[in-house]
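For the sequence shown, our numbering begins at 23 and goes up steadily by one.
We put the beta carbon where it would ideally sit given N, CA and C, even for glycine.
If you're wondering where the values come from, they're calculated on a predicted model, not measured in any experiment.
The next block holds one structure in the form of structure tokens; read it before the comments.
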Amino acid sequence: MFDVIDSAKFGTLVEISALINSKYGDATSLLTQILESATRLTEGEASSLILVDRDTGKLRFEIALGPKGREAKRFLLNPGEGIAGWVAMHGRSLIVNDVDTDSRFYADISKSIGYPTFSILAVPMRVREETVGVIEILNKRQKKYFTQEDLDWLEVFSVQAALAIENARYLEKAQDEIHYLREKVEADKGWHSLIAQSPLILEKLELIDKVAKTDSSVLILGESGVGKELFAEQVHLCSSRAGAPFVRVNCAALPEGLLESELFGHVKGAFTDAVQNRKGRFELADHGTIFLDEVGDLPLKLQAKLLRVLQQKSFERVGSSDSVTVDVRIVAATNKDIEALVNKGEFRSDLYYRLNVLPIHVPPLRQRKEDIPALADFFLKKFSRETNKRFAGFTEAAMELMLSYSWPGNVRELENAVERAVVIAKDSRISPRDLLLGAVAVETDEYRGKSLKEALIIFKRHFICKALEDNRWNQTETAKILAIQRTYLSRLIKELDIVNSKE
Ligand SMILES: Nc1ncnc2c1ncn2[C@@H]1O[C@H](COP(=O)(O)OP(=O)(O)OP(=O)(O)O)[C@@H](O)[C@H]1O
Ligand SMILES: [Mg+2]
Numbered sequence: 023m024f025d026v027i028d029s030a031k032f033g034t035l036v037e038i039s040a041l042i043n044s045k046y047g048d049a050t051s052l053l054t055q056i057l058e059s060a061t062r063l064t065e066g067e068a069s070s071l072i073l074v075d076r077d078t079g080k081l082r083f084e085i086a087l088g089p090k091g092r093e094a095k096r097f098l099l100n101p102g103e104g105i106a107g108w109v110a111m112h113g114r115s116l117i118v119n120d121v122d123t124d125s126r127f128y129a130d131i132s133k134s135i136g137y138p139t140f141s142i143l144a145v146p147m148r149v150r151e152e153t154v155g156v157i158e159i160l161n162k163r164q165k166k167y168f169t170q171e172d173l174d175w176l177e178v179f180s181v182q183a184a185l186a187i188e189n190a191r192y193l194e195k196a197q198d199e200i201h202y203l204r205e206k207v208e209a210d211k212g213w214h215s216l217i218a219q220s221p222l223i224l225e226k227l228e229l230i231d232k233v234a235k236t237d238s239s240v241l242i243l244g245e246s247g248v249g250k251e252l253f254a255e256q257v258h259l260c261s262s263r264a265g266a267p268f269v270r271v272n273c274a275a276l277p278e279g280l281l282e283s284e285l286f287g288h289v290k291g292a293f294t295d296a297v298q299n300r301k302g303r304f305e306l307a308d309h310g311t312i313f314l315d316e317v318g319d320l321p322l323k324l325q326a327k328l329l330r331v332l333q334q335k336s337f338e339r340v341g342s343s344d345s346v347t348v349d350v351r352i353v354a355a356t357n358k359d360i361e362a363l364v365n366k367g368e369f370r371s372d373l374y375y376r377l378n379v380l381p382i383h384v385p386p387l388r389q390r391k392e393d394i395p396a397l398a399d400f401f402l403k404k405f406s407r408e409t410n411k412r413f414a415g416f417t418e419a420a421m422e423l424m425l426s427y428s429w430p431g432n433v434r435e436l437e438n439a440v441e442r443a444v445v446i447a448k449d450s451r452i453s454p455r456d457l458l459l460g461a462v463a464v465e466t467d468e469y470r471g472k473s474l475k476e477a478l479i480i481f482k483r484h485f486i487c488k489a490l491e492d493n494r495w496n497q498t499e500t501a502k503i504l505a506i507q508r509t510y511l512s513r514l515i516k517e518l519d520i521v522n523s524k525e
């Protein structure tokens, strides 16, 4: 290939090969080093390492060296565009020593960044059979011409760069896999991964850590879908009971009779189906934690029995008069206004005070928007994996939409929106129209079975509420946007019972 083996060039090559096998984790600095060496050895003034986007075929300046490198990085080339585009598309190298006479040359970038280009050397980078990018060297120094030997050397460097890229991709995949396996192990044990970014939630987690160390009952409050169950898990996991069972019971899922025997167990013959003695959930949770979800729905009779467990740590199985004693920590949760239930006499006040020793309020998602990007990414990864699809993330507009939306269904709604988007989306990034925000929830749940008049009222309430939110609840501004009188708007707000939930 080379007439005379140039020892300086050869030395550089050996150095790079060594780096490729040691600097595995930092692909960008390795590629920068490769590009710097290639530029120096081919006597170029500037250079770029351009990558082809796997989904769109567009070319992106991953690394750009030289006086205007930073400006060049802003550009995206369409497939086939410019010398780099041609090289990527045909998988062949090019020497162009006078760009003005080559119709493939795309002068816009050079002009717009104010960097005149005379000559170009461009070679493809290949990983297996796929062209993953292009290395381009610009302007041979002292206005000389690039030679075939420069091209041969650059091709050798491009093989090295491609190797570095392949390694980086492999590493990324391996890290993803490890992350996934760790989550899977947790999920198999029944634990959910809790994503927390916002100061509000991080504070709550600190509080939980302290609360967990005590043995008091904990009551977790918050709107539907905020993640109360995950917080209950954390109470257990941060406590000294973490090695013992965490037993979940949904108090709203069973009728009173069955729920009683589910919680406290029964003895043979206690009722028709009780063919043998059976332990209840409280006994199964001995030394551990019992999670009473939807505790606001616990029937009054069982509330009395629960109160006794709290006071004396003992109870009787259904159909037996023998007391069973257990050591169980109680964590309860509800999305109902439990004080209102107490006032109506539907929830025992003595039980409420006992449970409410350490209340934890989980704030709605709209009050902790910092969690939205991390949660959205987490769900995107989760559902992409489940459906075997690949996504590069969300478009900026989609992220903006998610950040401005009010999420009445909280994290659960976000999770469902991303799951739906993963199924619908056709592009590599999730866009606003894939998310179908608001529309689905409103149509399916709120409008069903309503008269036209009632549906219109619901629509008006949503529409006005959204407009008010968009205008920071400034009524004058909102009235202008809606093209109605301000006085009419304030009447509508009263009639439709619209309230600013953030106040
Ligand atoms: N911080 C979080 N990180 C990851 N996933 C979350 C988080 N918060 C909530 N989720 C997910 O959102 C969904 C709803 O959470 P969860 O079931 O705990 O809500 P909830 O507060 O118990 O609601 P409900 O009152 O309706 O029972 C679950 O699938 C849960 O895994
Ligand atoms: Mg729940």
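Residue i Cβ short of 8 Å to ligand 2 heavy atom set
| i | result |
| --- | --- |
| D319 | no |
| D210 | no |
| D456 | no |
Residue i beta carbon near ligand 1 (any heavy atom closer than 8 Å)
| i | result |
| --- | --- |
| H214 | yes |
| K391 | no |
| L229 | no |
| A398 | no |
| S428 | no |
| S246 | yes |
| V433 | yes |
| E437 | yes |
| V271 | no |
| L106 | It should be pointed out that residue 106 corresponds to Ala in this sequence rather than to Leu. Result no, Cβ not under 8 Å from ligand 1. |
| I223 | yes |
| I217 | yes |
| V353 | no |
| V384 | yes |
| N119 | no |
Distance between beta carbons of residue j and residue i, contact taken as under 8 Å
| i | j | result |
| --- | --- | --- |
| F369 | G318 | 6 Å |
| K482 | L518 | 6 Å |
| I42 | N189 | 7 Å |
| I223 | A355 | I223 to A355, Cβ: 16 Å. No contact. |
| V145 | S115 | 4 Å |
| L363 | L324 | L363 to L324, Cβ: 14 Å. No contact. |
| V353 | A254 | 5 Å |
| Y526 | I360 | Residue 526 is absent from the model: the chain starts at 23 and stops at 525. |
| I244 | K250 | Note that residue 244 corresponds to Gly in the displayed sequence, not to Ile. That pair is a contact at about 5 Å. |
| K301 | G287 | 5 Å |
| L397 | V444 | Not confirmed; about 14 Å, so no contact. |
| N432 | V248 | 5 Å |
| A94 | I135 | 6 Å |
Assigned secondary structure, residue i (DSSP; H/G/I helix, E/B strand, else coil)
| i | result |
| --- | --- |
| T64 | coil |
| P321 | coil |
| T139 | coil |
| S19 | Any question about residue 19 goes unanswered here, given that the chain covers just 23 to 525. |
| A505 | coil |
| P385 | coil |
| D48 | coil |
| V464 | Low local confidence applies: a pLDDT of 48 at V464 is under 50, so the model's placement there is unreliable, with the coordinate-based value given in what follows. Note: V464 maps to helix in three-state DSSP. |
| G415 | strand |
| D393 | helix |
| V118 | strand |
| H201 | helix |
| N161 | strand |
| K358 | coil |
| E177 | helix |
| A447 | coil |
| A439 | helix |
| D315 | strand |
| L518 | coil |
| V353 | strand |
| F369 | coil |
| D28 | coil |
| V348 | coil |
Query raised in the report: If you measure from each residue's Cβ to the nearest non-hydrogen atom of ligand 2, which ones come out under 6 Å, in chain order?
Result: My final list is K250, E251 and D315.
Query raised in the report: Would you call the stretch 434-449 and the stretch 472-480 touching, i.e. three or more CB-CB distances under 8 Å?
Result: no
Query raised in the report: Looking at C-beta atoms only, is the number of pairs between the stretch 47-57 and the stretch 183-197 that lie closer than 8 Å three or more?
Result: Contact between the stretch 47-57 and the stretch 183-197 is present: 3 or more CB-CB pairs across the two stretches fall below 8 Å.
Query raised in the report: Do the stretch 62-69 and the stretch 170-180 make contact, defined as three or more Cβ pairs closer than 8 Å?
Result: Yes: the two stretches touch, three or more of their Cβ pairs being nearer than 8 Å.
Query raised in the report: Does the stretch 151-163 come within contact of the stretch 95-110, defined as at least 3 CB pairs closer than 8 Å?
Result: yes
Query raised in the report: Between the stretch 162-171 and the stretch 370-380, are three or more C-beta pairs nearer than 8 Å?
Result: No, they do not touch.
Requested in this report: Tell me, please, whether the stretch 402-418 touches the stretch 441-455 by the rule of three or more beta-carbon pairs shorter than 8 Å.
Outcome: yes
Query raised in the report: Taking contact to mean at least 3 C-beta pairs separated by less than 8 Å, is the stretch 193-209 in contact with the stretch 344-353?
Result: no
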